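Engineer: Structure in structure tokens, see below.
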Amino acid sequence: MLIFLLIATNVLGRVYSDSIADQFLDKVIYGPLEKEIKAMNLDPASLPDFGIPFTYEFGFIPISGRVDFTNGIFNGLSRIRRLAQCDGPSFDLDDIKIECGLNFFGMDIVYDGKATIEQLIPIPFQVTGYVNETHTHSVISGVPTSLKGNLRLFEITKFGDINLRLSNLGLFQSAYNAVEERFRERVREELVTIIMTMFPIAFKQAIMQVRLPGLG
1 MLIFLLIATN VLGRVYSDSI ADQFLDKVIY GPLEKEIKAM NLDPASLPDF
51 GIPFTYEFGF IPISGRVDFT NGIFNGLSRI RRLAQCDGPS FDLDDIKIEC
101 GLNFFGMDIV YDGKATIEQL IPIPFQVTGY VNETHTHSVI SGVPTSLKGN
151 LRLFEITKFG DINLRLSNLG LFQSAYNAVE ERFRERVREE LVTIIMTMFP
201 IAFKQAIMQV RLPGLG
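Under full-length UniProt numbering, the first residue of the sequence shown carries the number 1, and numbering increases by one thereafter.
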């Protein structure tokens, strides 16, 4: 009987611990975080213009040109949900810690494009990119004398593939094909920069607006 009670106490303790950590993160995500993201103009967010030169062969004929991308917009940074259960809170004398995952599940980008081959008239088009689920890991901590937590660690654990779709370029499709992978990589770099440099600022501000469980 004693063994059963000890096991039950341990299980219930973990369930309760998980639930209050999950509740804390959910309050952050579905409350102040979205407001902070919008206030920082991160959803939607502007993306920089850039151009990519290219060369390829059409039969035995070398072809060169350039594809320019302008008016880039990044949408969906505020489409976030908790990734599984949080770990914690764990306590010691001067620290409380929660580890949580975030799932970014609705990010997309749109760019206006212009393809130029040799001396031909440039052809305008539009490209849209849909980003598959992206996961991050974060550590939130605080001290028992405070009512607020702080973001100690934030890292990307999985960046989703970027699926691209574009308007019909006809004969100019080869120009886009020549730069597609470099375009995808450039977009990925821009999104990673936003997620790793700007998003944590909004996340920190949101965390400080929700009482960390076990403090105070």
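We put the CB at the ideal spot given by N, CA and C, even for glycine.
Note that this is a predicted model, so its numbers are computed, not measured.
Checking 8 Å against the spacing of the C-beta atoms, do Asp95 and Val28 come in under that value?
Structural biologist: Translated into the one-based positions of the sequence shown, residue 95 becomes position 95. Translated into the one-based positions of the sequence shown, residue 28 becomes position 28. The answer is no: Cβ separation not under 8 Å.
Engineer: Pop quiz: Glu180 and Leu164 are said to be a contact at Cβ under 8 Å. What is the actual Cβ separation, rounded to whole angstroms?
Structural biologist: Counted from its first residue, the sequence shown places residue 180 at position 180. Counted from its first residue, the sequence shown places residue 164 at position 164. Right, the Cβ-Cβ distance comes to about 7 Å (below 8 Å), so this counts as a contact.
Engineer: Hey, could you find the ends of the beta strand (DSSP E) Ile61 is sitting in?
Structural biologist: By 1-based counting over the sequence shown, the position of residue 61 is 61. Ile61 -> beta strand (DSSP E) spans Ile61 to Asn75.
Engineer: So the beta strand (DSSP E) Ile123 belongs to, where does it begin and stop?
Structural biologist: Position 123 of the sequence shown, counted from the start, is the residue given in the question as residue 123. Unbroken beta strand (DSSP E) run through Ile123: Ile123 to Val131.
Engineer: Output needed for Thr134: all residues of its chain with C-beta closer than 6 Å, excluding positions within five of it in sequence on either side, in chain order.
Structural biologist: Here residue 134 refers to the residue found at position 134 of the sequence shown. Once the five neighbours on either side are set aside, the close Cβ partners of Thr134 are Phe104, Phe159 and Gly160.
Engineer: For Ala115 and Glu36, I'd like the C-alpha separation in whole angstroms.
Structural biologist: Your numbering for residue 115 matches position 115 in the sequence shown. Your numbering for residue 36 matches position 36 in the sequence shown. Near 37 Å, if we compare the C-alpha coordinates of Glu36 and Ala115.
Engineer: Measuring CB to CB, does Gly101 end up less than 8 Å from Ala84?
Structural biologist: For the purposes of this step, residue 101 is identified with residue 101 of the sequence shown, where counting begins at 1. For the purposes of this step, residue 84 is identified with residue 84 of the sequence shown, where counting begins at 1. A contact, by the Cβ cut-off of 8 Å.
Engineer: Out of curiosity, what's the CA-to-CA distance linking Met40 and Arg152?
Structural biologist: Working through the sequence shown from its first residue, we reach residue 40 at position 40. Working through the sequence shown from its first residue, we reach residue 152 at position 152. Approximately 21 Å, taken between the alpha carbons.
Engineer: Is the Cβ-Cβ distance between Tyr56 and Ser174 less than 8 Å?
Structural biologist: One-based indexing of the sequence shown puts residue 56 at position 56. One-based indexing of the sequence shown puts residue 174 at position 174. Their beta carbons are under 8 Å apart, which means Tyr56 touches Ser174 by this criterion.
Engineer: Roughly how many angstroms separate the alpha carbons of Val127 and Gly76, rounded to a whole number?
Structural biologist: As a first step, residue 127 is located in the sequence shown; it is residue number 127 there, counting from the start. As a first step, residue 76 is located in the sequence shown; it is residue number 76 there, counting from the start. Spanning the two alpha carbons is a distance of roughly 17 Å.
Engineer: Rounded C-beta distance between residue 243 and Arg184? I'm assuming under 8 Å.
Structural biologist: Coverage of the chain is limited to positions 1 through 216, which leaves residue 243 absent and any answer about it impossible.
Engineer: Please report the distance separating the alpha-carbon of Arg182 from that of Ile20.
Structural biologist: By 1-based counting over the sequence shown, the position of residue 182 is 182. By 1-based counting over the sequence shown, the position of residue 20 is 20. If you take the alpha carbons of Arg182 and Ile20, they lie about 44 Å apart.
Engineer: Looking at Asp26 and Arg79, is the spacing between their C-beta atoms short of 8 Å?
Structural biologist: Here residue 79 is taken as the residue at index 79 of the sequence shown, counted from 1. Here residue 26 is taken as the residue at index 26 of the sequence shown, counted from 1. Cβ distance not < 8 Å, so Arg79 and Asp26 don't count as in contact.
Engineer: When the distance is taken between beta carbons, is Leu42 closer than 8 Å to Met198?
Structural biologist: As a first step, residue 198 must be located in the sequence shown, where it is residue number 198. As a first step, residue 42 must be located in the sequence shown, where it is residue number 42. A contact, by the Cβ cut-off of 8 Å.
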